[in-house]
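Student: Residue numbers (the numbering used here): 25 to 362.
C-beta: ideal position from N, C-alpha, C; glycine also.
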């Protein structure tokens, strides 16, 4: 499929928890530089998790600053976002829901040291013990109709400027429920549940002292909604157009996340837009490369000038603009052997 310029390093029999490999290949006569992180999730000293810039829903941050803040072994750019930095889909960090799912892409879940992809939607409820109230959205901006949850990552207030029904929850216990007008403070130790309806809202049935927990459709320690599928069951399924990434037929820097087996996660960054060094790849070419690395399932992350990988404190790839780009989210890899 392609000619390898630099051979793959010889692997020792014992599996390393974090393996970084730089490869130079020629794909259809064009030079490409690959940056590969292979992670052994079964290692108890390894942790992989998504993060938001500045630990909040809004804003942007350089990957190097995120890497330093978390004292990471490695960091990789994550997926897509809205104009103010809000994630495009589901984000679960250490079991805490930061953003709800949208109707496109693949959701990467990590739980019990195993990784897999699921398809959206990813359902969320307010669980009172007696009933489950479906949640329509978590931390949306601007605010939306339906049952909406706001967590501290959203900011100091919910930014709602109309009349609505609200339930204040602290430490998974209802503190108050009622109809208010204007923005309300989000508790640091809980969340707000908002419904723009002021009549017949399910929130009006909740009462002080009642249990109220955010419940996910399935347990997940870490979760992140990527863009479209690249590889499914070992086959190239990349499309010509991606709802979030746009035209996949244009060679460009690209980032992807893949699964070799349930315990082995792979991040791939391909440099691009740099003739003579690395041309960049299309979506189908990216999928072919992933398959050649043994990946069985994969999904697209953000690319172009956002494609970046840091390993042991160094930016190992060459961002296409010659410098780092501000990012809204990233994957952090921490390996701390005992």
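1. Exposed or buried, residue 35, counting other C-beta atoms within 10 Å across all chains shown (16 or more means buried)?
2. Take residue 342 and list the residues in its own chain whose beta-carbon comes closer than 8 Å to its own, dropping the five residues that flank it on each side.
3. Using C-beta distances below 6 Å, list every residue in its chain close to residue 311, excluding the 5 sequence neighbours before and after it, in chain order.
4. Which residues does DSSP pair with residue 359 in a beta bridge?
5. Would you mind stating whether residue 84 and residue 314 have Cβ atoms separated by less than 7 Å?
6. In terms of residue numbering, what span does the alpha helix (DSSP H) encompassing residue 282 cover?
7. Output the residue ranges of the beta strand (DSSP E) runs that lie fully inside the segment 280 to 345 and measure 3 residues or longer, sorted by chain position.
8. Among 275, 237, 130 and 93, whose alpha-carbon lies nearest the alpha-carbon of residue 267?
9. For the alpha helix (DSSP H) that contains residue 91, what are its first and last residues?
10. Assuming contact is defined by CB atoms lying nearer than 7 Å, are residue 177 and residue 103 in contact in what I supplied?
11. Short of 6 Å in beta carbon distance, which residues of its chain neighbour residue 37, apart from the five on each side in sequence? Order them along the chain.
12. Nearest-angstrom Cα distance between residue 389 and residue 157?
13. Please report the straight-line C-alpha distance between residue 95 and residue 188, rounded to a whole angstrom.
14. Spell out the partners DSSP gives residue 111 in its beta bridges.
15. State the Cα-Cα distance for the pair residue 88 and residue 98, rounded to the nearest angstrom.
16. Thinking just about the alpha-carbon of each residue, which of 124, 139 and 68 is nearest to the one in residue 323?
17. How would you label residue 356, buried or exposed, when you count the other beta carbons within 10 angstroms and need 16 or more for buried?
18. Below 7 Å CB to CB, which residues in the same chain sit around residue 125 once its five sequence neighbours on both sides are set aside?
19. Does the separation of the CB atoms of residue 101 and residue 286 fall below 7 Å?
20. Within its chain, find whatever has a CB closer than 8 Å to the CB of residue 195; leave out the 5 residues flanking it on each side and keep chain order.
21. State the CB to CB distance for the pair residue 109 and residue 352, rounded to an integer number of angstroms; the pair is presumed to be in contact (CB under 8 Å).
22. At what residues does the beta strand (DSSP E) containing residue 150 begin and finish?
23. With 16 as the cutoff for other CB atoms within 10 Å, does residue 74 come out buried or exposed?
24. Hey, does residue 143 have any beta-carbon neighbour from chain C nearer than 7 Å?
25. Rounded to whole angstroms, what is the Cα-Cα separation between residue 202 and residue 133?
26. Residue 47 and residue 64: beta carbons closer than 7 Å?
27. Looking only at its own chain, which residues have a Cβ that is under 6 Å from the Cβ of residue 60, when we skip the five neighbours before and after it?
Tutor: So, to answer that:
1. Here residue 35 refers to the residue found at position 11 of the chain shown. With a pLDDT of 49 at residue 35, under the threshold of 50, the modelled position of this residue cannot be trusted; read the value that follows with caution. Flag for residue 35 reads exposed.
2. Mapped onto the chain shown, residue 342 falls at position 318. Once the five neighbours on either side are set aside, the close Cβ partners of residue 342 are 57, 295, 298, 301 and 302.
3. Locating residue 311 in the chain shown gives position 287, where the first residue counts as 1. Once the five neighbours on either side are set aside, the close Cβ partners of residue 311 are 254, 255, 260 and 262.
4. Mapped onto the chain shown, residue 359 falls at position 335. For residue 359, which the question treats as bridged, DSSP gives the partners 70.
5. Counting from 1 along the chain shown, the entry for residue 84 is found at position 60. Counting from 1 along the chain shown, the entry for residue 314 is found at position 290. Going by C-beta atoms, residue 84 is not nearer than 7 Å to residue 314.
6. In the chain shown, the residue the question calls residue 282 occupies position 258. It is not in any alpha helix (DSSP H) - residue 282 instead sits in the beta strand (DSSP E) that spans 278 to 285.
7. 288 to 294, 321 to 324 and 333 to 335
8. Here the question's residue 267 lines up with position 243 in the chain shown. Residue 267 has its Cα closest to that of 130, out of 275, 237, 130 and 93.
9. Taking the chain shown and counting its residues from 1, the one referred to as residue 91 is at position 67. From DSSP, the alpha helix (DSSP H) with residue 91 extends over 87 to 93.
10. Here residue 177 refers to the residue found at position 153 when the chain shown is read from its first residue. Here residue 103 refers to the residue found at position 79 when the chain shown is read from its first residue. Not closer than 7 Å, so no.
11. As a working mapping, residue 37 is identified with position 13 in the chain shown. Because residue 37 carries a pLDDT of 48, less than 50, the predicted location of this residue cannot be relied on, and the following value inherits that uncertainty. Cβ within range, chain order: n/a, list empty.
12. In the structure as shown, the chain begins at 25 and stops at 362. Residue 389 is therefore absent and cannot be evaluated.
13. If you number the chain shown from 1, residue 95 lands on position 71. If you number the chain shown from 1, residue 188 lands on position 164. Using only the alpha carbons, I get a separation of about 42 Å.
14. Looking up residue 111 in the chain shown gives position 87. Beta-bridge partners of residue 111 (DSSP): 105.
15. Looking up residue 88 in the chain shown gives position 64. Looking up residue 98 in the chain shown gives position 74. Answer to the nearest angstrom: the Cα atoms are 10 Å apart.
16. Taking the chain shown and counting its residues from 1, the one referred to as residue 323 is at position 299. It is 139 whose Cα lies nearest to the Cα of residue 323.
17. One-based indexing of the chain shown puts residue 356 at position 332. Residue 356 comes out buried.
18. Taking the first residue of the chain shown as 1, we reach residue 125 at position 101. Same-chain partners within the cutoff: 113, 114, 131, 144, 145, 146 and 249.
19. Taking the first residue of the chain shown as position 1, residue 101 is located at position 77. Taking the first residue of the chain shown as position 1, residue 286 is located at position 262. No; because the gap between Cβ atoms is not below 7 Å, this pair is not in contact.
20. Walking along the chain shown from the start, residue 195 turns up at place 171. Within the same chain, residue 195 has close Cβ partners 213 and 214.
21. Locating residue 109 in the chain shown gives position 85, where the first residue counts as 1. Locating residue 352 in the chain shown gives position 328, where the first residue counts as 1. That belief holds up - the Cβ atoms of residue 109 and residue 352 are roughly 4 Å apart, short of 8 Å.
22. For the purposes of this step, residue 150 is taken as the residue at position 126 of the chain shown. For residue 150, the enclosing beta strand (DSSP E) stretches over residues 148 to 151.
23. Here residue 74 refers to the residue found at position 50 of the chain shown. Counting Cβ neighbours within 10 Å, residue 74 comes out buried, since at least 16 surround it.
24. In the structure shown, chain C does not exist; there is a single protein chain.
25. For the purposes of this step, residue 202 is taken as residue 178 along the chain shown, with counting starting at 1. For the purposes of this step, residue 133 is taken as residue 109 along the chain shown, with counting starting at 1. About 36 Å.
26. What you label residue 47 is simply residue 23 of the chain shown in a count that begins at 1. What you label residue 64 is simply residue 40 of the chain shown in a count that begins at 1. In this structure, residue 64 does not lie closer than 7 Å to residue 47 by Cβ.
27. Working through the chain shown from its first residue, we reach residue 60 at position 36. The answer, listed in chain order, is 45 and 292.
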